[in-house]
Each structure stands twice: as structure tokens, then as C-alpha cells.
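Working notes for the structure below.
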Amino acid sequence: MARQPRIKDDFGVFYITQYSRGERDLFECNQDRERFLEILYTVQTKFDFKLYAYCIAAKNEYHLVLDVNGGDLSKIMKSINIRYAMYAKCSGKLFKDRYKSQLLNTEDERQAIINDIHDRLKERSAWNSYCSLNGLITDEQIVLPALSPITNDNQELVPSDECIDCINFYEEAEVHLKEIAQSLNVPVSELIKDKTRRNQLICEFRKQSTLSLKELGQLFGGISESSVCKIINQ
Numbered sequence: 001m002a003r004q005p006r007i008k009d010d011f012g013v014f015y016i017t018q019y020s021r022g023e024r025d026l027f028e029c030n031q032d033r034e035r036f037l038e039i040l041y042t043v044q045t046k047f048d049f050k051l052y053a054y055c056i057a058a059k060n061e062y063h064l065v066l067d068v069n070g071g072d073l074s075k076i077m078k079s080i081n082i083r084y085a086m087y088a089k090c091s092g093k094l095f096k097d098r099y100k101s102q103l104l105n106t107e108d109e110r111q112a113i114i115n116d117i118h119d120r121l122k123e124r125s126a127w128n129s130y131c132s133l134n135g136l137i138t139d140e141q142i143v144l145p146a147l148s149p150i151t152n153d154n155q156e157l158v159p160s161d162e163c164i165d166c167i168n169f170y171e172e173a174e175v176h177l178k179e180i181a182q183s184l185n186v187p188v189s190e191l192i193k194d195k196t197r198r199n200q201l202i203c204e205f206r207k208q209s210t211l212s213l214k215e216l217g218q219l220f221g222g223i224s225e226s227s228v229c230k231i232i233n234q
């Protein structure tokens, strides 16, 4: 039977499932899971896709919800699976068939899948994105991929017509932050050390600009996208 062609959407949100072939557990130990997250981080940095949820708690499967963000889903998944298969050094085929991908067309579909993934594991663990989003991970040695918030119509940025005098460029945001610091008679470095004030400013800049989560993180001292996401959603 011929394989069905995959649905392509350069800015689509996809639910990905991948299963092991059974000759070797996909994740034999937590060290395997840590390595998978490192690979996910590396591939995300290379292809700049947005990750909304993941679960690698089970031994023989993994689940992802991601937005290809203008990229090629096949290349993203090929990069993830080849890197992990090389690490696992399985004598036979590691993965069972191809990964399965489901295009999530509506916000309700996306949120339902994300909720299902998060319901799989809510104990304190890095193996489910629920714990990362809710600040339940304390092991700083684990490299985590950046998580993005899921928003209406799959838009991460604030539409420019929803804020007055919107900040559209990173350089503008830098100038504005310096002006705020000057008005308080403190350097920017001291201003962003105060986490309460910093978090308030992050939320304000989110509403008043079209900066991405990555740019907001850079602006406020190099914090991760997932940390920015948690601050905004508090």
C-alpha cells in the first residue's frame, strides 16, 4: 500500500508522535531523555521552530506539539530522529515506521492536544513540558528547549494595531528600557536584577511591542523563551 503524502504547511502547528520499533526502548534511562532534550534544543536552535508541548515520560514513544515557523517539518523531524538514533546506537531500526503528524487547524484542537500531553505526567519531572511551564523543574543541569505560549490564530507576536505607539524593533525596545532605567536613576543592569520589577516590565513590553519571546529574553538579561512564557502567563 502506498504511503499517504504528508500535509505541508510552512506555518502550521503539528502534533507529532513517534514510537520505537521495540528492539530497544526509545528511552532506557533518564540519561537518554536528557540527551533527547539536548537534541531537541539543538535542532530548535538550527531551524527556529516553536515548541508548544512535549512528553518523553514513556519508554517507547515521544510526543511534540510544534509550529514549523516557516521551516520544513520533514527536515526538522529527520534532524531530531537521525541525531537521536546515532546516539542510541541501536543494532536494528530504532523507530517504528515514520513519525505521525497531525495538522492542528484550530486553537481548540491545539489546546486539547496540549492538555492531553500535560495530563500524561504532572509530577516534578523534566520529561513533560507541563513541569517546565509551571516552574517545577529544579535541575539546572538539564538542557531544556524553549517553550512558546499557544495563542489565538497561531500568532506569537502582538498585532501592531492592538497597541498605541507600538515598539516594532529590538533597538527601539533597548532605548525605551534605558529611558525607564534613567527615570529611576539606576543602570539597566540593576533594574533587571529586581525580578519583581523585571517581570512587570516584561509583561508591559509584551503588550506594547511586537518583540518575540526570544527578543524579550535577550532584552531582559538573556533569559530563556520558556522563562519569558512563564512570566507572561503568571
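Using my numbering, you'd call the opening residue of the sequence shown number 1 and step up by one each time. A virtual CB, placed ideally from N, CA and C, is assigned to each residue, including glycine. This structure is a prediction, so every number in the text was calculated from the model and none was measured.
- When rounded, the separation of the alpha-carbon atoms in E38 and K178 is 35 Å.
- Counting only runs that start and end inside the segment 26–97, the alpha helix (DSSP H) elements of at least 4 residues fall at 30–47, 73–88.
- L94 is not a Cβ neighbour of I16, given a cutoff of 8 Å.
- When the five nearest sequence neighbours on each side are left out, the beta carbons in the same chain lying within less than 8 Å of the beta carbon of Y99 are those of I16, T17, Q18, M77, N81, in order along the chain.
- In the displayed model, N115 falls within a helix according to three-state DSSP.
- In the DSSP assignment, K100 is bridged to T17.
- R33 and R120 have their C-alpha atoms spaced approximately 16 Å apart.
- Remark: C-beta atoms of L26 and K59 approach each other more closely than 8 Å.
- In this structure, K214 is the residue among C29, A85, K214 with its C-alpha nearest to the C-alpha of E225.
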